[in-house]
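Participant: Chains as they are written, first to last, in UniProt numbering: chain A, 1 to 469; chain B, 1 to 267.
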Amino acid sequence: MPPRRAQDHNYMAVDSDSDDSFIVEDGDGDFGADRTRGAKSKGKGKAVQKGKDKGKGKGKEQPYSWEASYTRSWDAVQEDEGGSLQTAVEDLLARGRRRRLLGPSTAIRRTIIRHLILILDLSASMLDKDMRPSRFDLTLEYARAFITEWFDQNPLGQIGIVGMRAGLGERVCDMSGNPQDVLKHISDRVKLEPNGEPSLQNAIEMARGSMSHLPSHSSREVLVIFGSLTSCDPGNIHDTLDACVKDRIRVSFVSLAAEMKICRDFCVKTGGTFGVALNEGHFKDLLFEGIPPPVQTGAAATAKTGPGNPAADLMQMGFPTRLPDTAPPALCVCHSELKTEGFLCPRCGAKLCDVPTDCDICGLMIVSSSHLARSYHHLFPVKPYEVLMDKSSLTITSPSVCHACALPFRESQQSKTPATAPAEGLSPLGRYRCPDCGNDFCADCDVFVHEVMHVCPSCHDPKPIPQPS
Amino acid sequence: MSHLSLLLDLQPAAWHDPTQSLQFSTFLAHILVFLNAHLAQKHENSLAIFGAFPGKSIMLYSSIDQTKPADRRVQPDPNWYQPFKTLDAALTERIREEMPQPSTSSEAEELPVALVGALAKALCCKIIQATKVEAPSDTPVVMPESRILIVSVSPDAAASYIPLMNSIFSAQKLKVVIDVCKIYGPDTTFLQQAAYLTGGSYIRVEKHESLLQYLMMCFLQPPSVRSLLAVPTTDRVDFRAACFCHKDIIDAGYVCSVCLSSGSDCF
Ligand SMILES: [Zn+2]
Ligand SMILES: [Zn+2]
Ligand SMILES: [Zn+2]
Ligand SMILES: [Zn+2]
């Protein structure tokens with residue numbers, strides 16, 4: 001017990017760090033405050049070290065969930081002196097803006113055709129309740145959200161699901177490009193009831209097997225949600241790791257328990273990402289990091305060019321004809337149901353219920369042009385808008401209203417303290433200027449343009465073509 | 001309560017053509033009757049009108065923002081419902097100000113209209129309006145039903161394909177229905193897809209003199225009511241892609257795995 005007690009003491013110190021910050025700020029330097037300050041610095045040092053050990057980039061450290069007091073999400077939002085939530089909201093906006101600025105602003109190369117196997121840990125350790133309501137329920141909930149969002153951003157991708165239960169890899173859902181199909185398979189939690197030991201090797205071998213036939217231009221990815229600290233394998237898992245490297249399968253892990261050497265090795269050697277979830281929100285963040293199509297790095301692109309395999313190749317695709325509701329009914333090839341509406345394969349004329357899909361008869365990949373268009377915003381992102389800091393960048397002719405929504409700009413009241421504003425990336429004038437078309441937009445429109453619409457409202461206005469001179 | 005954004009395609013070349021059966025003044029009169037009918041349906045109904053001119057897009061009228069100086073010039077008339085009068089006066093005045101004369105602007109007339117800009121602005125306004133509605137959150141918030149009606153007279157502009165599709169997808173995410181009323185010119189595949197993807201109607205006006213009837217029968221009802229009515233829907237949609245090299249429409253072809261450009265055998 002003595003070592004455990006010592007650790008407890010450390011965690012207490014970490015805990016007191018967050019609680020005492022108020023006292024330190026409010027106190028007038030009395031004895032109590034001095035004492036807690038000492039404890040605070042000690043706790044900080046420990047916390048930093050712990051963060052380094054686990055390789056997490058999160059600034060705020062937390063003790064284990066069972067040691068923390070019950071967290072109230074409404075406490076996280078701080079009111080300012082006036083009792084208004086304005087500053088808290090602005091802080092959130094600024095955070096999103098900073099994250100966007102880190103992203104690339106020019107056309108970049110991404111893997112658009114993705115194939116992902118999601119491996120779910122269904123072992124007994126998933127019944128732990130350190131994440132509420134339980135690791136298992138939370139995983140299912142987030143997996144559903146993940147799949148919906150993933151298909152929204154990767155309309156040409158396919159997802160399959162493999163479960164790890166009772167020492168076996170279990171195929172939960174075959175590779176499919178239809179989100180409804182995939183969601184149906186994980187909608188029933190009774191069928192997936194956790195049980196027994198997990199086997200990483202079996203599950204990854206199964207995932208590898210189901211991706212072996214894929215063409216070279218598509219990505220092969222495996223994402224493991226792993227809640228255990230053990231793996232019960234029939235053979236040497238390092239052979240599996242070598243095979244994954246050879247097949248260029250990218251393995252990523254989201255661990256719910258702690259870091260394991262073999263998990264990290266998988267991620268490092270195959271180019272995936274590794275993360276340990278600190279709490280429920282962090283778990284979701286880690287999982288959703290895998291949604292945007294991965295950037296094809298120079299190294300990966302040249303590696304592919306190796307054995308007579310160009311990094312860019314042409315995929316044969318068919319663009320279907322949509323049958324109207326008034327067409328004569330016919331049997332579809334996918335469900336053998338009598339239907340009037342549907343799509344016709346341009347090569348063999350088979351009737352399909354939904355696109356995108358592979359034609360069941362001739363194997364042609366059937367997409368509509370709008371599915372291709374849905375991926376374009378990853379390839380051609382909108383440039384981040386410049387934050388206007390002072391009035392010097394304005395001229396007399398600058399309009400006083402947002403170019404998009406025609407509402408007047410809201411100048412913030414604390415413009416007299418400009419020292420705080422630049423760090424947050426918020427404009428005191430409420431103006432954000434597009435570097436290409438030079439128009440000013442308000443904060444709301446800026447967020448909407450970059451996060452939802454991916455179109456600058458005035459960059460695409462047709463311009464007279466300059467005469468070559 | 002429902003919100004209507006009207007996008008008017010004001011291509012001077014199409015509207016000043018004397019051989020067309022529908023004159024611009026008649027067209028404007030029909031549109032105004034339709035808009036008045038929308039305002040008369042419910043007191044809370046809101047309206048925003050955008051004009052797509054060659055090379056620029058302008059917000060012509062918004063019932064949300066009442067601070068426009070144009071409102072002050074309207075004299076109250078006891079024999080006229082005030083919102084109608086405000087709208088009619090403001091819209092006609094703004095169009096007169098902004099509409100370029102075909103004779104004076106010879107090279108600007110060649111430009112395609114800025115439909116993407118107008119659509120993007122309409123969607124931005126929808127977002128601002130949504131955040132405003134949510135602000136007093138004592139009562140259960142009823143989000144206004146939103147739809148966009150595009151009155152189109154010009155053909156597709158190939159250069160605007162990607163931004164237009166991006167706007168359509170964001171409309172789809174925001175559950176904004178896009179209706180298209182095509183008056184002149186060839187059918188536009190892009191707008192057909194917009195109507196199909198957002199669950200709206202694409203209707204081609206065959207008899208120009210009865211434009212008002214088309215507008216009242218097909219586009220006046222908010223989307224939630226339409227399931228009870230037999231409103232024409234989009235039937236034929238061309239989902240084929242255009243070959244990037246010759247702009248031919250192709251059935252099956254090759255797509256580049258990096259940039260997703262599609263091509264035929266000539267690749
Ligand atoms: Zn076929
Ligand atoms: Zn704005
Ligand atoms: Zn711009
Ligand atoms: Zn060609």
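Where is the CB? At the ideal position from N, CA and C, for every residue including glycine. This one's a predicted model, so the numbers in the text were calculated from it and none came from an experiment.
Mind listing which residues of the segment 197-231 of chain B have their C-beta closer than 9 Å to chain A's C-betas, in chain order?
Facilitator: If the cut-off is 9 Å between Cβ atoms, the segment 197-231 of chain B has LEU197 near chain A.
Participant: Run the CB neighbour count on LEU223 of chain A, radius 10 Å, all protein chains shown included, and call it buried at 16 or more, exposed below.
Facilitator: buried
Participant: Among the candidates B:PHE27, B:LYS121, B:PRO18 and B:PRO12, whose CA atom is the shortest distance from the CA of CYS405 of chain A?
Facilitator: B:LYS121
Participant: On the premise that MET131 of chain A lies in contact with LEU120 of chain A, defined as a C-beta separation below 8 Å, what is that separation, rounded to the nearest angstrom?
Facilitator: LEU120 of chain A to MET131 of chain A, Cβ: 15 Å. No contact.
Participant: Would you kindly check if the distance between the Cβ of ASP179 of chain B and the Cβ of PHE219 of chain B is under 8 Å?
Facilitator: yes
Participant: Taking 8 Å as the CB-CB cut-off, is ALA406 of chain A touching chain B?
Facilitator: yes
Participant: Just to check, is the beta-carbon of ALA257 of chain A closer than 7 Å to a non-hydrogen atom of ligand 2?
Facilitator: no
Participant: Relative to ligand 1, is the shortest distance from any of its heavy atoms to the C-beta of ALA350 of chain A smaller than 7 Å?
Facilitator: Relative to ligand 1, the nearest heavy atom lies less than 7 Å away from the CB of ALA350 of chain A.
Participant: Sort B:ILE148, B:CYS124 and B:MET216 by Cα distance to LEU47 of chain B and report the nearest one.
Facilitator: Out of B:ILE148, B:CYS124 and B:MET216, B:ILE148 has the C-alpha closest to the C-alpha of LEU47 of chain B.
Participant: Got a sec: which bits of the segment 177-199 of chain B sit with their beta carbon under 7 Å from any beta carbon on chain A, in order along the chain?
Facilitator: GLN193 and LEU197
Participant: Any heavy atom of ligand 2 closer than 7 Å to the CB of PHE441 of chain A?
Facilitator: yes
Participant: Using DSSP with H/G/I as helix, E/B as strand and the rest coil, what is GLU221 of chain A?
Facilitator: Residue state, collapsed to three classes: strand.
Participant: Compare the C-beta of ARG240 of chain B against all C-beta atoms of chain A and say whether one is closer than 8 Å.
Facilitator: Answer yes: the Cβ-Cβ gap between ARG240 of chain B and chain A drops below 8 Å somewhere.
Participant: Using only the heavy atoms of ligand 1, determine whether one of them is closer than 7 Å to the beta carbon of LEU364 of chain A.
Facilitator: yes
Participant: With DSSP as the reference, identify every bridge partner of GLN23 of chain B, one or two as the case may be.
Facilitator: GLN23 of chain B pairs with nothing; no bridge assigned.
Participant: Rounding to the nearest angstrom, what Cα-Cα distance links LYS207 of chain B and GLN213 of chain B in this structure?
Facilitator: 10 Å
Participant: Reducing DSSP to helix, strand and coil, say where MET12 of chain A ends up.
Facilitator: The pLDDT assigned to MET12 of chain A is 42, lower than 50, so where the model puts this residue is not dependable, and the model offers no usable value.
Participant: Identify the continuous beta strand (DSSP E) that holds SER46 of chain B and give its terminal residues.
Facilitator: 46-53
Participant: Taking Cβ-Cβ distances shorter than 7 Å, what residues in chain B pair up with MET453 of chain A?
Facilitator: ALA120, LEU123, ASN166, SER167 and SER170
Participant: Ordered along the chain, which non-local residues of its own chain (more than five positions away) have a Cβ less than 6 Å from that of ASP446 of chain A?
Facilitator: TYR385 and TYR432
Participant: Using DSSP's beta-bridge definition, name the partner residues of GLY253 of chain B.
Facilitator: A:MET317
Participant: The beta strand (DSSP E) with SER62 of chain B in it runs from where to where?
Facilitator: 56-62
Participant: Would a check of beta-carbon distances place LYS351 of chain A closer than 8 Å to chain B?
Facilitator: With its beta carbon at least 8 Å from every one in chain B, LYS351 of chain A lies outside the interface.
Participant: Give the interface partners of MET315 of chain A over in chain B, defined as CB-CB distance under 9 Å, in chain order.
Facilitator: TYR254, VAL255, CYS256 and SER257
Participant: At a cut-off of 7 Å, is CYS445 of chain A close to ligand 6 when judged by its beta-carbon and the heavy atoms of the ligand?
Facilitator: You won't find ligand 6 in this model; what it holds is ligand 1, ligand 2, ligand 3 and ligand 4.
Participant: Please check the pair PRO329 of chain A and THR340 of chain A, which I expect to be a contact at CB under 8 Å, by giving their CB distance rounded to whole angstroms.
Facilitator: The pair is a contact, with the Cβ atoms about 5 Å apart (cut-off 8 Å).
Participant: Please tell me whether, using a cut-off of 7 Å, the distance from the CB of ILE361 of chain A to the nearest non-hydrogen atom of ligand 1 is below it.
Facilitator: yes
Participant: For a test of the three-state rule: what should DSSP assign to THR273 of chain A, helix, strand or coil?
Facilitator: coil
Participant: When burial is assigned at 16 or more other CB atoms within 10 Å of the CB, is LYS52 of chain A buried or exposed?
Facilitator: Summary for LYS52 of chain A: the model assigns pLDDT 40, below 50, so the residue's position carries little reliability; its value from the coordinates is reported in the next sentence. Its Cβ having fewer than 16 others within 10 Å, LYS52 of chain A is exposed.
Participant: Considering only the beta carbon of each residue, do SER219 of chain A and PRO294 of chain A sit closer than 8 Å?
Facilitator: At a Cβ-Cβ threshold of 8 Å, SER219 of chain A and PRO294 of chain A count as neighbours.
Participant: With a threshold of 8 Å between beta-carbons, can VAL318 of chain A be considered close to chain B, or not?
Facilitator: Inspection of the sequence shows that residue 318 of chain A is occupied by Gly rather than by Val. Closer than 8 Å: yes.
Participant: Can you pull every residue whose C-beta falls closer than 5 Å to some heavy atom of ligand 3, listed in chain order?
Facilitator: A:CYS434, A:ASP436, A:CYS437, A:CYS456 and A:CYS459
Participant: Interface residues of chain A around MET59 of chain B at Cβ under 7 Å?
Facilitator: ALA406
Participant: Excluding sequence positions up to five away, which residues of its chain have a Cβ less than 7 Å from the Cβ of LEU407 of chain A?
Facilitator: Hits under 7 Å: VAL401 and CYS442.
Participant: With DSSP as the reference, label MET1 of chain B as helix, strand or coil.
Facilitator: coil
Participant: Starting from HIS16 of chain B, follow the beta strand (DSSP E) in both directions and report where the run begins and ends.
Facilitator: DSSP places HIS16 of chain B outside any beta strand (DSSP E), giving it a letter other than H or E.
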